[in-house]
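Take 1 as the starting number for the sequence shown in the UniProt record's numbering and just add one per residue.
Just so it is clear, CB atoms sit at the ideal spot from N, CA and C, and this is done for glycine as well.
All values derive from a computational prediction rather than experimental measurement.
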Amino acid sequence: MWQAQVKSETYTTEGEVEANKRRKTSEPSSSDNASPPIDKQEKKGGGDFAAALLKAAVMGREDEVVKLLDLGCGKEERETALVGAASVGHVGVVECLLQRSASPNAADEGGYSALHASAKNGHQRIAELLLEAGADPHVVEDLEKETPLHVAALKGRQGVALVLLRRGARPDTRDRRGYSALHHAAVNGHLSLVRLLVDHRATIDLRCERGRTPLHAAALHGFDAIADLLLQQGADPNARDATGSTALHYAVRGGHSGVVSRLLAVGCALGANQLGLTALHLSALCGDEGLVGTLLENADDETVEARDVDGRTALHHACMAGSLGVVRQLLAAGADPEGKDGGNDKSVQLAARAGHMAVVKALLHSTHTSSSPPLVVEAASSSAAATETGTVNTTGPEEQDNDCRAKKEKEGTDATPVKEDGGEVGDQDEDEEVEREDEEEEMVIDDGDELEPENEA
1 MWQAQVKSET YTTEGEVEAN KRRKTSEPSS SDNASPPIDK QEKKGGGDFA AALLKAAVMG
61 REDEVVKLLD LGCGKEERET ALVGAASVGH VGVVECLLQR SASPNAADEG GYSALHASAK
121 NGHQRIAELL LEAGADPHVV EDLEKETPLH VAALKGRQGV ALVLLRRGAR PDTRDRRGYS
181 ALHHAAVNGH LSLVRLLVDH RATIDLRCER GRTPLHAAAL HGFDAIADLL LQQGADPNAR
241 DATGSTALHY AVRGGHSGVV SRLLAVGCAL GANQLGLTAL HLSALCGDEG LVGTLLENAD
301 DETVEARDVD GRTALHHACM AGSLGVVRQL LAAGADPEGK DGGNDKSVQL AARAGHMAVV
361 KALLHSTHTS SSPPLVVEAA SSSAAATETG TVNTTGPEEQ DNDCRAKKEK EGTDATPVKE
421 DGGEVGDQDE DEEVEREDEE EEMVIDDGDE LEPENEA
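Set out below in structure tokens:
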């Protein structure tokens, strides 16, 4: 993202500008608000002149900007100052620069334009001025290949997004990873912006490079209202990403019962992804009794006994995870406690090896073999040997197992999803935006994905 540097000072937000202003004005001067005299020699200094113009622009010192422009400056200096003023929201300075031949398509060396800057920070009037002066609403910055509409959607800037759409911005333009503005709005919980984009005919089931739709993003992060809206507008609940995962897999992975119920209500299938994992497998591994119960209400016998690529059923996963409540639910639903996985292990052996003796007892009780000590001894011996040698694999498919185990470990620290915004178009609290990191952790099951809510340092 754009950053303007003036004598080693970095300006990215109005707050930082003001903080720097206070530092500068703490130095001896004739007046707190007075600017140092402008000498024509600054022009000869090149870099000093450009720095002075940029500083005046980001500080909102319109009179000083006018004086510096009258001294004469090049195209590059004017455009840099315009991007700076657009970023921090100084309407008067932007007007002044545009009137004095600054290009409305001004951008830094990375292609991050004044229009991107105004979109990022929610400066609607500046966006209007730039577009009226001829700024290209489709301009793409170099790093992420994002348009101003992508940036507005990501930040939840409904007012700027509306201005851009009215000026012809294309809602289905994709960035470097294939994400549309609707993907960005959905993953960041910006409900009113999702509604705005849908009203402007954004494609509901547009897929990114990894095959994810906006519904996948809303499901993973538990944005019930956004999922509802997308489903009402015709989003396919059974759309599969490149791993074969549906929005139901995503919602279960995130532990979002509301989205799970909505998806099941519109007929989302309980099928498996490419790793053979069903939503029931995932909920069993995560130990979520509520979700397991909901899924079992919609599952047939085939789903209960479905096996992943390691030959494991939901019961096998629940036993490895030590989820006694889930084990009991699955047994009550008819899960076979005697079934063996791909490694020829029964559920009781997997539970014993993992040290989950309460689960072992429940399994033995269910098969009426509590009087058969050889099985318990065999399992316990295997468990002890495995603990000593570290050779036993009690995990399922690696990606899914790591994700759900990590979720259990962090339970209680980040289980509460970020609320979706409920404002109307142009009605938002600029100080309470939902921001997440672009490239943080996988979205679901496979490595290397980065569709996470945005969060800037």
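With DSSP as the reference, label residue i as helix, strand or coil.
| i | result |
| --- | --- |
| S113 | strand |
| K145 | coil |
| H317 | helix |
| A107 | strand |
| H249 | helix |
| E183 | The identity of residue 183 in the sequence shown is His, whereas the question assumes Glu. Three-state DSSP puts H183 in a helix. |
| residue 461 | Residue 461 lies beyond the range of the chain shown here (1 to 457); nothing can be said about it. |
| H281 | helix |
For residue i, report the span of its alpha helix (DSSP H) as first-last.
| i | result |
| --- | --- |
| C268 | C268 -> no alpha helix (DSSP H), and no H or E assigned at all. |
| P148 | 148-155 |
| E132 | 124-132 |
| E232 | A small fix is needed here, since residue 232 is Gln in this sequence, not Glu. Q232 -> alpha helix (DSSP H) spans 224-232. |
| P214 | 214-220 |
| H365 | 357-366 |
| G293 | 289-297 |
| Q329 | 324-332 |
| G159 | 158-166 |
| R353 | 347-353 |
| D199 | 191-199 |
| K67 | 62-71 |
| T303 | 301-304 |
Leaving out the 5 sequence neighbours to the left and right, which residues in its chain are closer than 6 Å to residue i when beta-carbon positions are compared?
| i | result |
| --- | --- |
| L129 | V94 |
| G254 | L220, G222 |
| P104 | L130, A133, G134, A135 |
| A331 | The displayed chain sequence assigns Leu, not Ala, to residue 331. These residues qualify, in order along the chain: S366. |
| P171 | A181, L197, H200, A202 |
| Q233 | V198, I204 |
| L248 | L263, C268, A279 |
Given the structure, does residue i come close to the ligand FMN, in the sense that its CB is under 6 Å from one of the ligand's heavy atoms?
| i | result |
| --- | --- |
| V259 | For the structure depicted, the ligand FMN is absent and the ligand set is empty, with no information on it obtainable. |
Check each candidate in the options and name the one with the smallest Cα separation from residue i.
| i | options | result |
| --- | --- | --- |
| A102 | E76, M59, N298 | E76 |
| Y112 | H90, G74, V151, Q99 | V151 |
| E297 | L277, A265, L53, G322 | A265 |
| G122 | V139, E79, V91 | V91 |
| P137 | A358, Q124, L164, A354 | L164 |
| H183 | R176, A217, G211, E79 | A217 |
| H356 | D345, L324, G334, A333 | L324 |
| A117 | V139, C286, G211 | V139 |
| A352 | A321, V160, I126, L263 | A321 |
| G89 | A119, H249, Q158, D341 | A119 |
| A358 | G342, G343, V327 | V327 |
| D63 | Q233, K155, L97, A51 | L97 |
| D236 | R210, A86, P214 | P214 |
| A225 | R262, R100, L82 | R262 |
Take residue i and list the residues in its own chain whose beta-carbon comes closer than 7 Å to its own, dropping the five residues that flank it on each side.
| i | result |
| --- | --- |
| G290 | S257 |
| L143 | G110 |
| G276 | R307, D308, V309 |
| R176 | E144, K145 |
| V252 | V260, A279, L282, S283, L291 |
| E338 | K346, T367 |
| Q124 | G159, V160, V163 |
| D301 | G334 |
Ignore the nearest five residues each way along the sequence and tell me which others in residue i's own chain have a CB closer than 8 Å to its CB.
| i | result |
| --- | --- |
| D336 | E305, T313, L315 |
| S372 | Residue confidence for S372 is low, a pLDDT of 45 falling below 50, so the modelled location carries little weight; the figure read from the coordinates is stated next. Once the five neighbours on either side are set aside, the close Cβ partners of S372 are L364. |
| P148 | S113, L115, H116, S118, A119, A127, P137, V139, V160, L164, A169 |
Practice task
Inspect the CB distances between the segment 225-237 and the segment 198-208 and report whether three or more fall short of 8 Å.
Solution key: Flag = yes, the segment 225-237 and the segment 198-208 touch.
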